[in-house]
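For reference, the structure discussed in these notes is given below.
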Amino acid sequence: MNTILTFLNGFVQYRRGKQTGLAGLFGLLIFFLAVYRWDITYPILESLRIIDFFDNLGLIYEGEPGTTLYAIMLFLSRAAIVIMIFLAIALILSLFLIIIGTSNVGQNILAYLVLAIMAPLAVLWMIGYEIAYCFGYRTKKEKADEEYEKWHQETYGDHSDKYKEEQLKYEESRLSANDLLKKYCTTYFIEDTISQLNKLPMLGDTIFLLGETYDGKLYILMPDPLLKYNRKMDIEYKRDFSTPIKAVPFSVKNVVLDKKDRTNIMEYTPDKMEISLQRNQAYNVNSNLIKYEYLVDMEFSDFKSFYMPEVELKDIKHYISSFGKRKDYRTYLEDKVEKYFSQKQHLTNFLYKDISSEKFHEVTSDLSELNASNEDIVKMINDSPKILGVNNE
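Number -7 in my numbering belongs to position 12 of the sequence shown; there are no gaps in the numbering.
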């Protein structure tokens, strides 16, 4: 019986060794195939950012594949040893923590112990890195970048485009969200603003003025040719300048720079800012009382500053210029075009009545204020709905 059991045990050990050996041979086969077809392997490793990882560690040597392979294998061997030591320590600590953590007193002691150990280590690590950086410590990639920048300045007498771009991003990261937006805007005076807004809205509009209130809130201003007319009425009849205007409130978030806490590497996001349109709180999709989801009524006198954004900037184009395609804008367009031409027709009808010359002059003056810059185009669209595919009821 003992002989049979010994034989079976030997057979089992043989099978285990065979499986381990096959796994090792299979691994070696994959390794050799990867090296043999390096033209396929390299793009895969590069897309997985493995090449960049080893390059940042200074393990890639240009033109020296043998040295590079040796450095990587040595690094992996050391990493494996460190991982095994770490796992052993973690296992021991886990058992220790399980024993201590069974009581409330033990849990409190453990929390204070971890804090007492980690806090000084974190401080020492930050101080050590700053000292090393001050004394010239750089990774291989950082050294290469510095040498290239030095060469570029000596050759062309100016910083490289990469340096300027990173410097610009760093400077923009220090700006508040509103200041970052204003950096890519042109400031408009009030008369320029009224002139710019003096046009009828058209479906697909992409250029919108921005307004900032006295409490620092930002709005997208809707084009309104009646604004100029209403403001004239306010001034002539000495009203309190309560000229209404439709606007969309929005908020801005600066996302130029995103610094990861676990490293000292600056990672830049593709966008400069995130712009979020704020819904009208009174809007209810199931109610007809409020027909605009985003547009709100504002007083023109509430705005202290006006800006024309850089429409070619991707963030402006994506978040602000696209409002011209929204349902709210289509509804506003239909309402504003109807009111504009109705008001103009109303004033025109006065001219055919028996009125005094003073009244005639007054009506003519009022009509001159209703002069939207694109009035002829919109009128042509309204007169040709079948040709242009616009439903005009």
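Just so it is clear, CB atoms sit at the ideal spot from N, CA and C, and this is done for glycine as well.
| Check | Outcome |
| --- | --- |
| Is F304 near F189, with beta carbons less than 8 Å apart? | yes |
| Sorted by chain position, which residues of the same chain lie with C-beta nearer than 8 Å to E319's C-beta, five sequence neighbours on each side aside? | none |
| Restricting to runs no shorter than 4 residues, where is the alpha helix (DSSP H) found entirely within the region 275 to 363? | 295 to 300, 308 to 331, 338 to 350 |
| Just to check my reading of the structure: V359 and L181 have Cβ atoms closer than 8 Å, yes? What is that Cβ distance to the nearest angstrom? | 5 Å |
| Within the 8 Å Cβ cut-off, does Y51 reach chain B? | Considering every chain present, this structure includes no chain B. It has just one protein chain. |
| Can you tell me which residues form a DSSP beta bridge with T168? | Y288 |
| Taking a contact to mean a Cβ-Cβ separation below 8 Å, would you say I256 touches Y310 in this structure? | no |
| Alpha carbon to alpha carbon, what distance is there between D33 and G39? | 10 Å |
| Rounded to a whole number of angstroms, what is the C-alpha to C-alpha distance between N330 and N235? | 53 Å |
| Using 7 Å as the cut-off, classify the Cβ of T48 as near or not near the heavy atoms of the ligand ATP, replying yes or no. | What this structure holds is no ligand at all, so the ligand ATP is not there to describe. |
| Under 8 Å Cβ to Cβ from I53, same chain only, skipping five residues before and after it: list those, please. | F35, L40 |
| Indicate whether F287 and T194 have their beta-carbon atoms separated by less than 8 Å. | no |
| State the Cα-Cα distance for the pair D357 and F322, rounded to the nearest angstrom. | 11 Å |
| Starting from I271, trace the alpha helix (DSSP H) both ways and give me its first and last residue. | Per DSSP, I271 belongs to no alpha helix (DSSP H) and is neither H nor E. |
| Could you tell me if T167 is buried or exposed, where buried requires 16 or more neighbouring beta carbons within 10 angstroms of its beta carbon? | exposed |
| Pairs of beta-carbons, one from the region 148 to 157 and one from the region 225 to 232, closer than 8 Å: are there three or more? | no |
| Could you give the residue range of the beta strand (DSSP E) that holds I188? | Per DSSP, I188 belongs to no beta strand (DSSP E) and is neither H nor E. |
| Beta-carbon within less than 7 Å of K272's beta-carbon, same chain only, minus the 5 sequence neighbours each way: which residues are those? | T312 |
| Rounded to whole angstroms, what's the CA-CA distance from I64 to I73? Just pull it up for me. | 14 Å |
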